[in-house]
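Undergrad: Take the sequence shown: its letter number 179 is residue 641 in the numbering used here, and every next letter is one higher.
Glycine included, each C-beta is placed from N, C-alpha and C at the ideal position.
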Amino acid sequence: MHFMTESATSLREQKRWETSQRITLCAQVLTDEHGLDGFTLEELAEAAEVSRRTLFNYFPSKLDAVLGEHPEIKPETLATFIAGGPHGDLIEDLAELAREALAAKEADRGSFARVRRIMSANPRLLAAAHERFELITEEFTQLLLEREGPEFGATRSRLLLRLLLALFDSALFELLDEDQPRTLAEIFDSLLASARELFA
């Protein structure tokens, strides 16, 4: 019975994730084709094959739908990080969190290219994405301080997180090269290794 309950929960979570991803994909495609103000929430719901009520249950606004859900990291992964794991090296352990977040956001080159286009063309989206990043930065700053102690400092924590974001942005830029055979996570790992060599 316990196994069946876990299985049912897993299936519900998978269905919810797929619906969320479908709504976000449709929102991004519509934004790319018509602009952020060029379609209605009713049209988005129709494109995603959900009711408007379901749409609002997933995303409170059109901006949120386009940006998609926050990357989710498993509670056990966060607990391991706070406890000093999984490798005992802060940079590598942060990279492990980034890899899990990237795995949850797995997408093809076309999807990443579309996101870059709509961000460039819609200042409100760019501002919303920046605001979301600041919130995530604060959350991770608290995780870092919980792990490393208050003496590590909030300023150093934010600096470290922004450096990792710069690596992610560079990895995304390389991924959009059509001749690039590696995945986003593989490119990120390579750039992280290069950065560590530069700062060594």
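Use the C-beta contact count for THR617: other C-beta atoms within 10 angstroms, 16 or more gives buried, fewer gives exposed.
TA: Label assigned to THR617: exposed.
Undergrad: On the criterion of 16 or more Cβ atoms from any shown chain inside 10 Å, does LYS524 qualify as buried, or is it exposed?
TA: Counting Cβ neighbours within 10 Å, LYS524 comes out buried, since at least 16 surround it.
Undergrad: Assign ALA662 to buried or exposed, taking buried as 16 or more other Cβ atoms, counted over all protein chains shown, within 10 Å of its Cβ.
TA: Result: exposed.
Undergrad: Taking the CB atoms as reference points, tell me whether LEU627 and PHE602 lie closer together than 7 Å.
TA: For LEU627 and PHE602, no; Cβs fall outside 7 Å.
Undergrad: Are there three or more Cβ pairs, one per stretch, closer than 8 Å when the stretch 569-585 is compared with the stretch 508-519?
TA: They do not touch, by the three-pair rule.
Undergrad: How would you write the range of the alpha helix (DSSP H) that ARG620 sits in, first residue to last?
TA: Looking at the DSSP string, the run of the alpha helix (DSSP H) that includes ARG620 is 616-637.
Undergrad: Please name the residue, chosen from GLY550, GLY547, ALA527, that lies closest to GLU504 on a Cα-to-Cα basis.
TA: Minimum Cα distance to GLU504 is reached at ALA527.
Undergrad: If you follow the alpha helix (DSSP H) that SER582 is in, where does it begin and where does it stop?
TA: Unbroken alpha helix (DSSP H) run through SER582: 571-583.
Undergrad: Going by C-alpha distance, which of ASN519, ARG658, HIS532, PHE521 is nearest HIS592?
TA: Of ASN519, ARG658, HIS532, PHE521, the residue nearest in Cα terms is HIS532.
Undergrad: Check whether the Cβ atoms of ASP494 and ILE553 sit closer than 7 Å, and answer yes or no.
TA: No, these two residues do not count as a Cβ contact at 7 Å.
Undergrad: Around the Cβ of GLU480, are there at least 16 other Cβ atoms within 10 angstroms (buried) or fewer (exposed)?
TA: The residue is exposed, with fewer than 16 neighbouring Cβ atoms inside 10 Å.
Undergrad: Indicate the three-state DSSP secondary structure (helix, strand or coil) for SER472 in the structure shown.
TA: In the structure shown, SER472 sits in a helix (DSSP, three-state: H, G or I).
Undergrad: Got a sec? Which residues, its chain only, sit under 8 Å from ALA657 by beta carbon, not counting five neighbours each side?
TA: These residues qualify, in order along the chain: LEU625, LEU629.
Undergrad: Any idea what DSSP makes of LYS536, helix, strand or coil?
TA: LYS536 falls in the coil class under three-state DSSP.
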